[in-house]
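Undergrad: All letters in the first sequence, in the order written, are residues 51 to 478 by the numbering used here.
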Amino acid sequence: MLDLKRIREDPDAVRAALARRGEGLSGAIDELLSADEQWRAATTSAERLRAEQKARSEEFGAAKSRAEDAPELRAAMQELSGQVKQFAEQATAAKERLDGLVARLPNLPDPSAADGPEDELVKTVGDPPSFSFQPRDHLELAGQMIDMDHGANLSGSRFAYLRGDLVMLELALVGWVLQKLRGKGFEPVIPPVLVRERALYGTGFLPDTEQQIYALPQDELFLVGTSEVALASLHDGEILDAAKLPRRYAGFSPCFRREAGAAGKDTRGIFRVHQFEKVEMFSFVAPQESPAEHERILAIEEEILGELALPYRVVNIAVSDLGNSAAKKYDCEAWLPSQKRYRELTSCSNTTDYQARRLGIRMRGDGGSGSGKATQTPHTLNGTAVAVGRTIVALLENGQQEDGIVELPEVLVPHGAPARLAPAAPAA
RNA sequence: GGAGGGGUGGCAGAGCGGUUGAAUGCGGCGGUCUCGAAAACCGUUUCAGGCCUGAUUGGUCUGACGAGGGUUCGAAUCCCUCCCCCUCCGCCA
51 MLDLKRIRED
61 PDAVRAALAR
71 RGEGLSGAID
81 ELLSADEQWR
91 AATTSAERLR
101 AEQKARSEEF
111 GAAKSRAEDA
121 PELRAAMQEL
131 SGQVKQFAEQ
141 ATAAKERLDG
151 LVARLPNLPD
161 PSAADGPEDE
171 LVKTVGDPPS
181 FSFQPRDHLE
191 LAGQMIDMDH
201 GANLSGSRFA
211 YLRGDLVMLE
221 LALVGWVLQK
231 LRGKGFEPVI
241 PPVLVRERAL
251 YGTGFLPDTE
261 QQIYALPQDE
271 LFLVGTSEVA
281 LASLHDGEIL
291 DAAKLPRRYA
301 GFSPCFRREA
311 GAAGKDTRGI
321 FRVHQFEKVE
331 MFSFVAPQES
341 PAEHERILAI
351 EEEILGELAL
361 PYRVVNIAVS
371 DLGNSAAKKY
381 DCEAWLPSQK
391 RYRELTSCSN
401 TTDYQARRLG
411 IRMRGDGGSG
421 SGKATQTPHT
431 LNGTAVAVGR
441 TIVALLENGQ
451 QEDGIVELPE
461 VLVPHGAPAR
471 LAPAAPAA
């Protein structure tokens, strides 16, 4: 959520920044400013009357304690009470309108976010492998280890059983990455994946991506599409000690996505499925630190891809493609031989103060409750460390040999991964 | 799932319709004392918002005792709904 004060003080700058997103948001600002004015006017009136009410209520109390009856005063105060209520209701109504409008505004894009309409290529690392044979796709290479048929039978399309060596590969990837992240100051976290609406609202997924989210209406819970939701909410409503920032977490969880509207896209294999596991980085930092933290997170993602020996490129996502909460986003895209193109494997966003403000997370200068240091809103960032399914896809396809055997990165072997995957026997 | 008990300031813990933003203790911060420290003593100790000024200071008012409604001239105190925590029983990985 944007800072209301900032919109008030410099609406033109906010309009200009939002205009980069290419949406008709200017009208929303006008509407918002008018609701704000109505709210402030009603609030001022209500508070002035309430002050009077308070003073006279004390008089009345004093009279009562002298056992005096004061029927006229009482009548006057009933009148006053009604007026206060009336203005308070006006204020509440205007505030609700205002809050609704503010909540729908997306974050202001960072000046260095790509203008678009195309993403901006930042760099390309590694060379796509050149095969002297026709490369297979991940599903052919995995054979019975990716069991789509039984998955579909059980749960529908876009669900898979992962079996055998691929399970060991997954666990190795997760263990390897969590250990790496721990060494970089990220606390490993396994969060709940069922959350209340507030957490989705607070992270900006609602209102915005409702069609992507599984809901359990009977329990008023939602399945998260990323542990980002739970990690951001870890400090919901808290005031963080500035001395203890940055705070970094590495969440490991299953992720659930409806993929409504993705019909026909990526229908083969496990590139796009309804359920996958992911290790996600999440940081809370002081506002001035967030651009550096963003680069840091990107560097970690690159380090991971590099050590997995995957050819990849980095793109700066076009402003028009940013989600509501991101001010700037990088994607790391790995080369997929079967598709002969780069596809998104990881992604990292600087959401600046957007999520923190929605979640009521603040930070305070130095210790000493009496120091009177004002609070400010910290910045939050998130980035994929490993999206397991897609990483497996990339490892299979890039590590394949002519005989269908797949060589896996050595770094994973100490963590329990097989050194290579045997050619697939037909699925049972 | 059933039956009870609770949620008050950084923590502990009073208050249970009127001047209580909130006693008391602990902690924290500043000071006195001291070569220094401890102890003792003195002072201090929340957050958000509106308005007026000023424009990194100030003045004033309002709100906040889990959250949201209600009753009342007036609510931390009474009523309702929700959330959370605890205890016992049941169930269970």
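Even glycine gets a Cβ: it sits at the ideal position worked out from N, Cα and C. Nothing here was measured: the structure is a model prediction, and the numbers come from that model.
#1: Can you have a look at K135 and say buried or exposed, based on whether 16 or more other CB atoms are within 10 angstroms of its CB?
#2: Is it right to say F321 is buried, meaning 16 or more other beta carbons lie within 10 angstroms of its own, or is it exposed?
#3: Does DSSP put Q325 in a helix, in a strand, or in coil?
#4: Am I right that M198 and L295 are in contact with their C-beta atoms under 8 angstroms? What's the rounded C-beta distance?
#5: My understanding is that T434 touches E351, with C-beta atoms under 8 angstroms, so please give their C-beta distance in whole angstroms.
#6: Distance, Cα to Cα, A192 vs V243?
#7: Which full runs of the beta strand (DSSP E) of 3+ residues lie inside the region 219–271, going along the chain?
#8: Quick one, are the C-beta atoms of A144 and A85 less than 8 angstroms apart?
#9: Which partner residues does D291 have in the DSSP bridge list?
#10: Quick one: grab the DSSP three-state call for V175.
#11: Beta carbon of E447, beta carbon of D177: below 8 angstroms?
#12: Consult DSSP for I354 and reduce its assignment to one of helix, strand or coil.
#13: T199 lies in the alpha helix (DSSP H); which residues open and close that run?
#14: Just checking my contact of F110 with L123 at CB under 8 angstroms: how many whole Å lie between their CB atoms?
#15: Which two residues bound the contiguous beta strand (DSSP E) that contains H429?
#16: Indicate whether T402 and N203 have their beta-carbon atoms separated by less than 8 angstroms.
#17: Taking only three categories from DSSP, how would you classify Q450?
#18: According to DSSP, is Q426 part of a helix, a strand, or is it coil?
#19: Which residues in the same chain as E383 place their Cβ atom closer than 7 angstroms to its Cβ, once the five residues preceding and following it in sequence are excluded?
#20: Starting from the C-beta of E339, find all residues in its chain whose C-beta is less than 8 angstroms away, skip the five residues before and the five after it, and write them out in chain order.
#21: If you reduce the DSSP assignment to three classes, tell me which class F110 lands in.
#22: Indicate whether C305 and F334 have their beta-carbon atoms separated by less than 8 angstroms.
#23: Take the Cβ of A141 as the centre, count every other Cβ of all protein chains shown within 10 Å, and call the residue buried at 16 or more, exposed below.
#24: Measuring straight from C-alpha to C-alpha, what distance separates S421 and P337?
#25: Cutting at 8 angstroms between CB atoms, please list the residues of its own chain near A469, excluding the five before and the five after it.
#26: Apart from the five residues just before and just after V224, which ones in its own chain have a Cβ nearer than 8 angstroms to its Cβ?
#27: Does the ligand HEM have a heavy atom nearer than 7 angstroms to the CB of G356?
#28: Around the Cβ of F181, are there at least 16 other Cβ atoms within 10 angstroms (buried) or fewer (exposed)?
#29: Inspect the CB distances between the region 164–178 and the region 126–133 and report whether three or more fall short of 8 angstroms.
#30: In this structure, how does DSSP classify S20 when only helix, strand and coil are distinguished?
#31: For R308, collect the residues of the same chain with a Cβ closer than 8 angstroms to its Cβ; drop the 5 residues on either side in sequence, then sort them by chain order.
#32: To the nearest angstrom, how far is it from the Cα of F209 to the Cα of I196?
#33: Using CA coordinates, which residue listed in R90, D165, G214, V172 is at the minimum distance from R147?
#34: Measure how close the beta-carbons of S397 and K379 come, nearest whole angstrom, since I'm counting them as under 8 angstroms.
#35: Can you name the residues that DSSP bridges to D381?
#36: N400 and H465 - do their beta-carbons sit closer together than 8 angstroms?
TA: In short:
#1: Numbered from its first residue, the first sequence carries residue 135 at position 85. Label assigned to K135: exposed.
#2: As a working note, residue 321 is residue 271 in the first sequence. Label assigned to F321: buried.
#3: On the first sequence, position 275 is the one that residue 325 refers to. Under the three-state reduction of DSSP output, Q325 falls in the strand class.
#4: Here the question's residue 198 lines up with position 148 in the first sequence. Here the question's residue 295 lines up with position 245 in the first sequence. Contact flag wrong, Cβ pair sits at about 44 angstroms.
#5: Mapped onto the first sequence, residue 434 falls at position 384. Mapped onto the first sequence, residue 351 falls at position 301. Right, their Cβ atoms sit about 7 angstroms apart.
#6: Indexing the first sequence from 1 puts residue 192 at position 142. Indexing the first sequence from 1 puts residue 243 at position 193. Whole-angstrom Cα-Cα distance: 28 angstroms.
#7: Qualifying beta strand (DSSP E) stretches, in chain order: 236–239, 264–266.
#8: The count along the first sequence starts at 1 and reaches residue 144 at position 94. The count along the first sequence starts at 1 and reaches residue 85 at position 35. A contact, by the Cβ cut-off of 8 angstroms.
#9: Here residue 291 corresponds to residue number 241 of the first sequence, with the count starting at 1. DSSP, once it has assigned bridges, lists R414 as partnering D291.
#10: Translated into the one-based positions of the first sequence, residue 175 becomes position 125. If DSSP states are grouped into helix, strand and coil, V175 belongs with the strands.
#11: Within the first sequence, the letter at position 397 stands for residue 447. Within the first sequence, the letter at position 127 stands for residue 177. No, Cβ-Cβ distance for E447 and D177 is not below 8 angstroms.
#12: To locate residue 354, count along the first sequence from 1; it is residue 304. Reduced to three states, the DSSP call for I354 is helix.
#13: As a working mapping, residue 199 is identified with position 149 in the first sequence. Looking at the sequence shown, residue 199 is not Thr but Asp. For D199, the uninterrupted alpha helix (DSSP H) segment begins and ends at 198–205.
#14: Start at 1 with the first residue of the first sequence, and residue 110 comes out as number 60. Start at 1 with the first residue of the first sequence, and residue 123 comes out as number 73. At roughly 6 angstroms, the Cβ-Cβ gap stays under 8 angstroms, so F110 and L123 are in contact.
#15: One-based indexing of the first sequence puts residue 429 at position 379. DSSP places H429 inside the beta strand (DSSP E), whose first and last residues are 429–437.
#16: Translated into the one-based positions of the first sequence, residue 402 becomes position 352. Translated into the one-based positions of the first sequence, residue 203 becomes position 153. Cβ atoms of T402 and N203: not closer than 8 angstroms.
#17: Within the first sequence, residue 450 is the residue found at index 400, counting from 1. In this structure, Q450 counts as strand in the three-state DSSP scheme.
#18: The count along the first sequence starts at 1 and reaches residue 426 at position 376. Three-state result, Q426: strand.
#19: In the first sequence, the residue the question calls residue 383 occupies position 333. Only Y362, R363, V365, Y392, R393, E394, L395 meet the Cβ criterion.
#20: For the purposes of this step, residue 339 is identified with residue 289 of the first sequence, where counting begins at 1. Cβ neighbours of E339 beyond the five flanking positions: L295, P296, H429.
#21: Taking the first sequence and counting its residues from 1, one reaches residue 110 at position 60. Helix.
#22: What you label residue 305 is simply residue 255 of the first sequence in a count that begins at 1. What you label residue 334 is simply residue 284 of the first sequence in a count that begins at 1. The answer is no: Cβ separation not under 8 angstroms.
#23: Along the first sequence, read from residue 1 onward, the residue named residue 141 stands at position 91. A buried status is given to A141, since no fewer than 16 other beta-carbon atoms sit within 10 Å of its beta-carbon.
#24: By one-based count along the first sequence, residue 421 stands at place 371. By one-based count along the first sequence, residue 337 stands at place 287. Confidence is the limiting factor: at S421 the pLDDT is only 36, short of 50, which leaves the residue's position unreliable, though a coordinate-based value still follows. Rounded to the nearest angstrom, the two C-alpha atoms are 21 angstroms apart.
#25: Against the first sequence, residue 469 aligns to sequence position 419. Within the same chain, Cβ atoms closer than 8 angstroms to the Cβ of A469 are found at E457, L458, E460, V463, the five residues on either side in sequence being excluded.
#26: Within the first sequence, the letter at position 174 stands for residue 224. If we look at V224 and ignore the five residues flanking it on each side, its Cβ neighbours are F302, E327, V329, V436, V438.
#27: This structure lacks the ligand HEM; in fact it carries no ligand of any kind.
#28: Start at 1 with the first residue of the first sequence, and residue 181 comes out as number 131. Exposed is the call here.
#29: no
#30: Only positions 51 to 478 of the chain appear in the structure, and residue 20 is not among them; the question remains open.
#31: Taking the first sequence and counting its residues from 1, one reaches residue 308 at position 258. Cβ within range, chain order: Q261, Q262, I263, Y264, H324.
#32: For the purposes of this step, residue 209 is taken as the residue at position 159 of the first sequence. For the purposes of this step, residue 196 is taken as the residue at position 146 of the first sequence. Approximately 10 angstroms, taken between the alpha carbons.
#33: Position 97 of the first sequence holds residue 147. Here the closest residue by C-alpha is R90.
#34: Looking up residue 397 in the first sequence gives position 347. Looking up residue 379 in the first sequence gives position 329. S397 to K379, Cβ: 6 angstroms. Contact.
#35: Working through the first sequence from its first residue, we reach residue 381 at position 331. D381 pairs with V365, S397.
#36: Within the first sequence, numbered from 1, the residue matching residue 465 stands at position 415. Within the first sequence, numbered from 1, the residue matching residue 400 stands at position 350. No; because the gap between Cβ atoms is not below 8 angstroms, this pair is not in contact.
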